Amino acid sequence: MNDQVPQQYKTLGVANLIGGLVNATIGGFIASTLWSFVGGTCTPVCTLGLCPIGFLMGFFGFLVMPLGMAEAAVGLVTMLSPQTTRPLWKFLPYLQFGAILLGDFVSPILGFLGLTMTRDPEVAAYIEGI
């Protein structure tokens, strides 16, 4: 088993830490504003003003904050103790793509970055434990 941590694996941890902090601080507010605008304009238009409570859809955007906290935690643990997060990187990039449904644009970029970096032969061998 190779105990040498690849540089791209460390970079992946740094990227997730930074992206998670962005999501935890301002990502929820951006997503909430997006959902409030969409819900606040589309719902009254589609219902001819009979249902003007579309602004409440903005609460979906605040789900980005806990997601950002989880991403920051995984990034921090990847940097400090890389061996413990090896199993997470087999499926985590795929989960980050789903955050686009919440109005988050940072997590799908991190997912693409993670998917690209984990396909590198050196990183893939490290994750598999070869």
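Each residue of the sequence shown is one higher than the last, beginning at 2 in this note's numbering. Quick reminder that beta carbons are idealized off the backbone N, C-alpha and C, glycines included. Note that the structure is a prediction, hence the values are computed from the model and not measured.
Spatial distance of residue i from residue j (CA atoms)
{"i": "cysteine 43", "j": "proline 122", "result": "47 Å"}
{"i": "arginine 87", "j": "tyrosine 127", "result": "8 Å"}
{"i": "aspartate 10", "j": "leucine 93", "result": "Note that residue 10 is tyrosine in the sequence shown here, rather than aspartate. Spanning the two alpha carbons is a distance of roughly 14 Å."}
{"i": "serine 33", "j": "valine 124", "result": "36 Å"}
{"i": "proline 53", "j": "phenylalanine 60", "result": "15 Å"}
{"i": "threonine 117", "j": "threonine 48", "result": "43 Å"}
Residue j beta carbon less than 8 Å from that of residue i
{"i": "glycine 29", "j": "phenylalanine 63", "result": "yes"}
{"i": "methionine 80", "j": "glycine 130", "result": "no"}
{"i": "leucine 18", "j": "glycine 69", "result": "no"}
{"i": "glycine 41", "j": "glycine 55", "result": "yes"}
{"i": "valine 6", "j": "proline 83", "result": "yes"}
{"i": "leucine 114", "j": "alanine 16", "result": "yes"}
Option nearest residue i by Cα separation, candidates the options
{"i": "glycine 104", "options": "Met58, Pro7 and Val46", "result": "Met58"}
{"i": "phenylalanine 106", "options": "Pro67, Phe92, Val23 and Cys52", "result": "Val23"}
{"i": "glycine 21", "options": "Val46, Thr48 and Leu111", "result": "Leu111"}
{"i": "threonine 119", "options": "Ser108, Ser37, Lys91 and Leu35", "result": "Lys91"}
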